[in-house]
Amino acid sequence: MDDWDALLDRTARIAREWLASVDERRVFPDSDAEALRAGFPQDLPEEGEDPTKVIEDLARAATPGLVASPGPRYFGFVIGGSVPASVAADWLTSAWDQNAGLYVSSPASSLIEEIAARSVLELSGLPRDAGVGFATGATMANFACLAAARSKVLDAAGWDVEANGLVGAPPVRLIVGEEVHATATYALRLLGFGGKTAVRIPVDANGAMQADALREALADPATRDRPTIVAAQAGNVNTGAFDPLGEIADAVHGLPNAWLHVDGAFGFWAAAAPTLSHLTAGMERADSWTTDAHKWLNVPYDCGIAIVREPTWLARSMALTAAYLLAADRERDPYDWVAEGSRRARGTTVYAAIRSLGRRGLAELIERDCALARRFAASLHGRSGIRILNDVVLNQVLVRFDDPAEPGDVAAGDARTKAVIAAVQRDGTMWAGGTSWHGLAAMRISVSNWRTTEADVDRSVDSILRAATAATKGKLPAV
Ligand SMILES: *Cc1c(COP(=O)(O)O)cnc(C)c1O
């Protein structure tokens, strides 16, 4: 159909221009919200417009406000790019427009998810018969896994939480590390546990849970007989540190009714890289796992993955049943595994990314990003008041800019660090955000993109050193 041809050809060209630009454009836009807003038509059209014009106008207005996060010098948060096959698969996901809730609403989508799920389990060394759900992100994957945990530990205590809710239920003991990701406690909140009820276990200098302290907490006579859920993590969002998963598994599995969850939103993928998989040792002994595909597997937003060892608990807490919903007898109904009904075929990008990378390509991507993180650390550490605050075990680097004249002055170091972050962001060569680590302001660098090269790191280091030099000379106002 001619209309489709013109529209999709034009759209493909716009997409190609964008993708070709992300290497060299400013990483963060320099227009403010007011200017960006003014670029979009503000009226609600009475009559519909030509679709190609709609798309051209949309792209023209949006492009100045796009962040080059698919590009090689974006180091903010933990945001991966997208490998080419996964972008193309995402286009097809929209063109196919399948409701990937039920097998009967899209057999192909159900089967693609099944294959993608199996590949993720194989790549990470988790049990092949685990239950897998494709969610919007690690936030909702944490929700699904912790719902399964809630279901199982309460069932073992004689309580059906799906039928009866939490009012009147036996109390559940929740245990997390002091450095737990905010989305895990958010999930506990959504599950009716309250966001602040979990016992928080102290961490070591790199942010990993201390196994001794966990053992002590688990042995607390006041609570030791309660149904227990422990949420550990593989990959601290600031430092990349891994909780000691083997020791934690030993401790948790010594209890009569306890569940171990591992949030591995990005660290999970270390299991797929031979030189890094020692970090995830013991991870396979947990009861549930969360990861993101849209971070380090480098697929487009959005896709998180919930994995539960005994599928029945994930299905029991997440499955939706109603008379008109024709449950497949044998085949996978994708919505049984996440808190969704109608849903996007989210497994398709995962399928394409894994097939195009292969086991080897994925391992190389993960290992390369970690080597580049170490390159950042080695290039910066020791230069004019700069030090690396974390042990760079994975892809995360925390950079501190002390005042060279007064290295012990915390307030001066905080001011200089914030000034450098602001100057680097203004410069536009790269983008990194800030954080606070053990009371010190720090620049937070996450290398999570398949496109990043040594040259990109070196250019970024130059940008950081320029900003640091300027901040030393007092040219920049403290922010
Ligand atoms: C990013 C992240 C999350 C949240 O993931 P979303 O994809 O943003 O929902 C949870 N836990 C950890 C450790 C993370 O890094």
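Counting from 1 along the sequence shown, just add 334 to a position and that's the residue number in the numbering used here. Note that CB positions come from ideal geometry on N, CA and C, so glycine has one too.
How many angstroms separate the CA atom of residue i from the CA atom of residue j?
i	j	result
Ala686	Ser420	5 Å
Val356	Ile389	20 Å
Leu508	Leu525	12 Å
Thr646	Asn591	17 Å
Leu436	Ser444	7 Å
Ala481	Ser622	10 Å
Arg643	Arg452	13 Å
Val754	Asp538	28 Å
Thr803	Tyr635	37 Å
Cys704	Arg750	27 Å
Arg344	Trp425	14 Å
Ala490	Phe735	52 Å
Ala434	Gly465	17 Å
Asp748	Gln432	50 Å
Ser439	Ala422	22 Å
Gly492	Ala483	14 Å
Ala812	Arg708	Bear in mind that a pLDDT of 47 at Ala812, under 50, signals an unreliable position, so the number given afterwards is only what the model happens to contain. Rounded to whole angstroms, Ala812 to Arg708 spans 28 Å at the Cα level.
Looking at residue i: is its Cβ nearer than 9 Å to the Cβ of residue j?
i	j	result
Pro668	Ala679	yes
Gly414	Leu631	yes
Ala575	His595	no
Asn498	Ala776	no
Gly467	Ile639	yes
Arg619	His587	yes
Ile722	Val758	no
His515	Asp577	no
Leu522	Gly529	yes
If you follow the alpha helix (DSSP H) that residue i is in, where does it begin and where does it stop?
i	result
Asp703	Gly681 to Leu714
Asp424	Pro418 to Trp430
Arg760	Val744 to Asp761
Asp796	Glu788 to Thr806
Ile823	Residue 823 is absent from the model: the chain starts at 335 and stops at 813.
Phe468	No alpha helix (DSSP H) holds Phe468; the beta strand (DSSP E) holding it covers Gly465 to Ala469.
Ile413	Run containing Ile413: none; DSSP gives neither H nor E here.
Ala372	Ala367 to Ala372
Ala566	Counting along the chain, Ala566 falls outside any alpha helix (DSSP H), though it belongs to the beta strand (DSSP E) covering Thr562 to Gln567.
Ala545	Ala545 to Leu552
Phe600	Segment: none, Phe600 is in no alpha helix (DSSP H) and carries neither H nor E.
Ser453	Pro441 to Ser458
Excluding the five sequence neighbours on either side, which residues of its own chain have a C-beta within less than 8 Å of the C-beta of residue i, listed in chain order?
i	result
Ser690	Val417, Pro418, Ala419 and Ser420
Val487	Val506, Pro561, Thr562, Ile563, Asn591, Ala592 and Trp593
Glu496	Ser485, Arg650 and Ser651
Leu370	Pro363, Ala395, Pro398 and Gly399
Asp337	Pro385
Ile348	Ile389, Glu390 and Ala393
For residue i, report the span of its beta strand (DSSP E) as first-last.
i	result
Leu508	Arg507 to Gly511
Gly580	Taken as a continuous stretch (DSSP letters only), Gly580 belongs to no beta strand (DSSP E), being part of the alpha helix (DSSP H) at Leu579 to His587.
Leu774	Leu774 to Ser780
Arg523	Counting along the chain, Arg523 falls outside any beta strand (DSSP E), though it belongs to the alpha helix (DSSP H) covering Ala516 to Leu524.
Gln654	As written in the sequence, residue 654 is Leu, which differs from the Gln given in the question. Note, Leu654: premise wrong, no beta strand (DSSP E); not H, not E.
Phe735	Gln730 to Phe735
Ala673	Looking at the DSSP string, Ala673 is not in any beta strand (DSSP E), and its letter there is neither H nor E.
Give me, in chain order, the residues of the same chain whose beta-carbon lies closer than 7 Å to that of residue i; leave out the 5 immediate sequence neighbours on both sides.
i	result
Arg359	Ala402
Lys809	Residue placement at Lys809 is poorly supported in this model, since its pLDDT is 49, which falls under 50; the coordinates are not used for a value here.
Pro738	Ser718, Gly719 and Thr806
Gln544	Ile535, Pro536, Val537 and Asp538
Pro741	Gly719
For a test of your reading of the model: does the CB of residue i fall under 8 Å from any non-hydrogen atom of ligand 2? Yes or no.
i	result
Asp597	Judged by which ligands are present, ligand 2 is missing from the structure shown, whose ligands are ligand 1.
Kindly list the residues whose CB is nearer than 6 Å to the CB of residue i, restricted to its own chain and excluding five residues on each side of it in sequence; keep chain order.
i	result
Ile700	Trp603 and Ala607
Ile779	Phe409, Phe710, Val731 and Ala766
Are the region 784-793 and the region 555-573 in contact at 8 Å, needing three or more beta carbon pairs? The region 784-793 is not in contact with the region 555-573.
Below 8 Å, how does it come out for the region 367-387 and the region 755-770: are there three or more Cβ pairs, yes or no? The region 755-770 and the region 367-387 do not touch, with fewer than three beta-carbon pairs separated by less than 8 Å.
Hey, is the region 692-704 in contact with the region 468-477, meaning 3+ C-beta pairs nearer than 8 Å? They do not touch, by the three-pair rule.
Does the region 446-456 come within contact of the region 611-618, defined as at least 3 CB pairs closer than 8 Å? Under the Cβ criterion (8 Å, minimum of three pairs), the region 446-456 does not count as touching the region 611-618.
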